[in-house]
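Novice:
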Amino acid sequence: MKKLSATLIKRLKLKDAVLAEAATSRNLLPNEPMWDKVSAEAGQIAGFLENQLRAGFQPSPQVEIAARKPAHGVRPIPYWGTLERVAYRSLTAAAVADLDPLDRSPQAYLNFITEPGRYARDRQPAGTSKKLAEFFFYVESPVKYVVKSDITAFYQFIDHAVLAEELLLLGVNFELIEALMELLAEVQGRSYGLPQLFDASDMLSDLYADRIERDLLRSGFAVWRFNDDFRVACDSYADTLTAIEALDAAARRVGLVLSEHKTVTVGIVKYIFDAFDLTPSQAGQTVNVDDVEDIVGDYTDDFGKEDADAAFDVIRKAVVRSSDFNPDPDESRSIDLGSLRGEDVRLLRRAINGLTLAGDARGIGEIVRLAVYAPSLTPNLMRYLRAIGKGLEPDDDAWDEIVNAVDRLAGDVALNAWQNLWLIDVVHDLDLLSGGLDDKEAVNRRAQWVDDLRRDTTNEALRAAATRALAAQGLVSVTSVIAAADRTSNALLHIYASAGIEGARLLTGPEAMAAQKEIAAWAKNSKLHACLLEET
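Residue numbers for the sequence shown, in the working numbering: 506 to 1041.
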C-alpha cells in the first residue's frame, strides 16, 4: 500500500477498530485464539499499525477455507491477519462515517419480508381498506405477484473499480478510497471480491447492492432489498417478466449475476403464507400484517431453555425417508434429511442451538447423522458438543457419547477441511488428546488422525489448527510450531502464537528454558509478535 498521510490516519480511530475486531465473533469459524491479548494491547497494536500505514503498509495475504453450504456448494471463508483486519475495519468505518448506518437486525429482515404484503394492503381500493382496517383481502388488491431473487456469489464478485466509483460518488475522500481498494487487492490478490464474515464487508457490500436497488426504484418498480436479497411486487405476470429482466440488467451492469435457482415468481397469497409460515386453512384470505412478529418468530428466535423437549423432538424426528415412506400422524411433520429444504436447515439449527442453550445432552447421539446429511450445520453441532462436554466428567455417560461421536466423525465420515477444522477445535477444547484419559489407544488414534491432517492437508488454516491441538498436549515441539508459522502467512499468526504458548507451558526444567528462549526470539519479529507472545 502507498503511504497514508497523517491527516487521513487521524480519521481512522485505530484503537477503536482494534477493540471492535477483538469483540467480533465469526459464526462460521471456531473462536480464534489470542484476541484477548490483542484487546489488552490495543493501544500498542494501534500505534504499531499507524506507523506501518505511514511508512507504506505491506499486508499479509489471506488464507481461505471452504465452508459447506446447505446444498452442494461451498462458501470461501478468509482468515485475515490482525493488522489487516484492523486496517480494513478502520478504513471502511471512516469511508461510511457520514452515510446511513447499516441495519442487519432481525427486525430489519422482518420488515423486508413483510413489505410486499403491506404494499399490497395499501393498494387496496379505498373503501375496502377503510372497512377492513388492519385486515385485508388479497384478492381485492391489484398486487398479484412477488418476484424473489438474489445474487449468485455476491461477495465474491464485487468489482473494486465499481465499488470505488460508488464511494467517490457518495463523496468519500479519494485517498481513503484508494487505500481501501489497495488493501483489498493486496490481501486477496485480486481486484474483485470482499472477504466474508467481516463487518466492514457487510457495510461495503450494502453500498454496492444499493446501486442495483436504485436502478429499479428509478424505473418505477416496487422493490425492497435486504443485503443481496430482492423482492419486487407486481400487478401482472407480464410485469414480473419485466421486473426480472430489469433486475438482471441492473445486476449485470455492476458485474453480478442473478441466481437462476433462487429467482422465482409467486402469487401474493402464496408469498404471504410462505413468509409467515401460514396455510390457507389457518388464514383463509386475510392476514393481520401488523402483528407479524408472533407469526414469523422462527426467523429470528432460537428455542429457549424451557423448550428443550421441543428442540429434541425436532432433531429426533429428522430421518432419511425411504421411497415408500408413509408417515403416521406423529411423524407427519418430520424432516427428511435426504431432501433438506432451506426451512428444514433453519429449524434444525434452531433446535441444536436450543439444546446447547439448555445444556441438554439428549441430542448427542444424533450428531453424526446430522453432520452427514446437513454439513452446513457443522458449527452448530460442534458448539453443541463442546458446550455439553465442558460440563462433564470422563466418568459421565454423556461423555462417552461425545467421545464416540468425535471418533466416528474422524474415522467414518467424509469431511472437508472446514469440517475437520471444527472437529479439531472440539478435540483441542475438550482435551481429547490428553495423556490423562483412560483409553490410551483411542487417544493415540486421535492424535495420529490430527497429525496426519497436519502433515497431509493442503489447507494452511487446517494445518495451523492441527498444530495447535497437538502442541497443547506436548505432541509437537515449540521449534516445529515456530517453523510452521514462519512458512505461512501472518494471517494465521494468532493460531500459531497460541500453539507456541500452550506447548511451552507444559515444559519444565531445561526444556522450558530452551522453549522460552525460542519464543522470546520469535517475539522480536515485530511489535505484533511481541504483543501476542510476551506473557503479561
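Here a beta-carbon is modelled for each residue, glycine too, at the ideal position from N, C-alpha and C.
Being a predicted model, the structure only gives us computed values, none of them experimental.
Determine, using beta carbons only, whether Tyr584 and Ala996 come nearer to each other than 8 Å.
Specialist: yes
Novice: Tyr1001 lies in the alpha helix (DSSP H); which residues open and close that run?
Specialist: Leu998 to Arg1010
Novice: Kindly list the residues whose CB is nearer than 8 Å to the CB of Gly843, restricted to its own chain and excluding five residues on each side of it in sequence; keep chain order.
Specialist: Val825, Arg826 and Tyr878
Novice: Look up Pro785 in the DSSP assignment and say whether it is helix, strand or coil.
Specialist: Annotation note: pLDDT 38 at Pro785 (below 50); position unreliable, coordinate value reported separately. Secondary structure at Pro785: helix, using DSSP grouped into helix, strand and coil.
Novice: Here's the rule: buried if 16 or more other CB atoms are within 10 angstroms of the residue's CB, otherwise exposed. What is Thr587?
Specialist: Burial call: buried.
Novice: Under a Cβ-count criterion, where at least 16 other Cβ atoms within 10 Å of its own Cβ denotes burial, should Lys895 be classed as buried or exposed?
Specialist: exposed
Novice: What runs of the beta strand (DSSP E), each 3 residues or longer, lie entirely inside the region 680-762?
Specialist: Segments of the beta strand (DSSP E) lying fully in the region 680-762: 727-731 and 734-739.
Novice: Just curious, the beta strand (DSSP E) that Arg580 is in, first and last residue?
Specialist: In the DSSP annotation of this structure, the continuous segment of the beta strand (DSSP E) that includes Arg580 starts and ends at Val579 to Tyr584.
Novice: Is the distance from the Cβ of Val955 to the Cβ of Leu938 below 8 Å?
Specialist: Cβ atoms of Val955 and Leu938: closer than 8 Å.
Novice: Using a Cβ-Cβ cut-off of 8 Å (strictly less than) and excluding sequence neighbours within five positions of Leu688, which residues of its own chain qualify?
Specialist: Met506, Phe562, Pro564, Glu589, Ala592, Tyr593 and Leu596
Novice: Measure the alpha-carbon distance for Val774 versus Arg723 and round it to whole angstroms.
Specialist: 27 Å
Novice: Going by CA-CA distance only, name the one from Glu670, Val692 and Asn536 that's closest to Ala600.
Specialist: Glu670
Novice: Anyone know if the C-beta pair for Asp1051 and Ala743 falls short of 8 Å?
Specialist: In the structure as shown, the chain begins at 506 and stops at 1041. Residue 1051 is therefore absent and cannot be evaluated.
Novice: Relative to the ligand FAD, is the shortest distance from any of its heavy atoms to the C-beta of Arg968 smaller than 7 Å?
Specialist: Although the ligand FAD was asked about, the structure shown includes no ligands whatsoever.
Novice: Among the residues of its own chain, which have a CB less than 7 Å from the CB of Ala1028, if the five just before and after it don't count?
Specialist: His1034, Ala1035, Leu1038 and Glu1039
Novice: Given this structure, state the Cα-to-Cα distance separating Pro700 from Tyr713, to the nearest angstrom.
Specialist: 14 Å
Novice: Determine the closest residue to Gly940 out of Gly725, Thr972, Leu928 and Leu980, with distance taken between C-alpha atoms.
Specialist: Leu980
Novice: Taking DSSP as the reference, what is the three-state secondary structure of Lys767?
Specialist: coil
Novice: Please return the same chain residues whose Cβ sits closer than 6 Å to the Cβ of Met708, not counting the five positions on each side in sequence.
Specialist: Thr597, Val601 and Leu607
Novice: For the structure I just gave you, are there three or more beta carbon pairs, one from the region 848-868 and one from the region 813-824, closer than 8 Å?
Specialist: yes
Novice: Which runs of the alpha helix (DSSP H) fall wholly inside the region 522-562 and span at least 4 residues, in chain order?
Specialist: 540-545 and 547-560
Novice: Pop quiz: Val651 and Arg736 are said to be a contact at Cβ under 8 Å. What is the actual Cβ separation, rounded to whole angstroms?
Specialist: Yes, Val651 and Arg736 are in contact; Cβ-Cβ is about 6 Å, under 8 Å.
Novice: State the DSSP-derived secondary structure class of Arg573, mapped to helix, strand or coil.
Specialist: strand
Novice: Which value, in whole angstroms, describes the spacing of the CA atoms of Asp900 and Val908?
Specialist: 12 Å
Novice: Going straight from the alpha carbon of His577 to that of Ile682, what length do you get?
Specialist: 36 Å
Novice: Flag this pair as yes or no: are the beta carbons of Ala922 and Thr962 separated by less than 8 Å?
Specialist: In this structure, Ala922 lies near Thr962, with their beta-carbon atoms less than 8 Å apart.
Novice: What are the partner residues of Ile1042, as DSSP defines its beta bridges?
Specialist: As displayed, the chain neither begins before 506 nor continues past 1041, which places residue 1042 out of reach and without an answer.
Novice: Whole angstroms are fine: how far does the CA of Arg913 sit from the CA of Ala971?
Specialist: 18 Å
Novice: Whose C-alpha, out of Val759, Arg531, Leu534 and Glu526, is nearest the C-alpha of Trp540?
Specialist: Glu526
Novice: Determine, using beta carbons only, whether Ala690 and His665 come nearer to each other than 8 Å.
Specialist: yes
Novice: Please identify the residue among Ala751, Gly864 and Ala876 whose C-alpha is closest to the C-alpha of Arg573.
Specialist: Ala876
Novice: Would Ser610 and Tyr660 qualify as a contact pair, given that the criterion is a beta-carbon distance under 8 Å?
Specialist: no
Novice: Can you tell me whether Val601 is helix, strand or coil according to DSSP?
Specialist: coil
Novice: Just how far apart, CA to CA, sit Gln567 and Thr747?
Specialist: 41 Å
Novice: Going by DSSP, name the residue or residues bridged to Gly772.
Specialist: Tyr650
Novice: Between Gly725, Asp740, Asp733 and Ser741, which has its C-alpha nearest Ala751's C-alpha?
Specialist: Gly725
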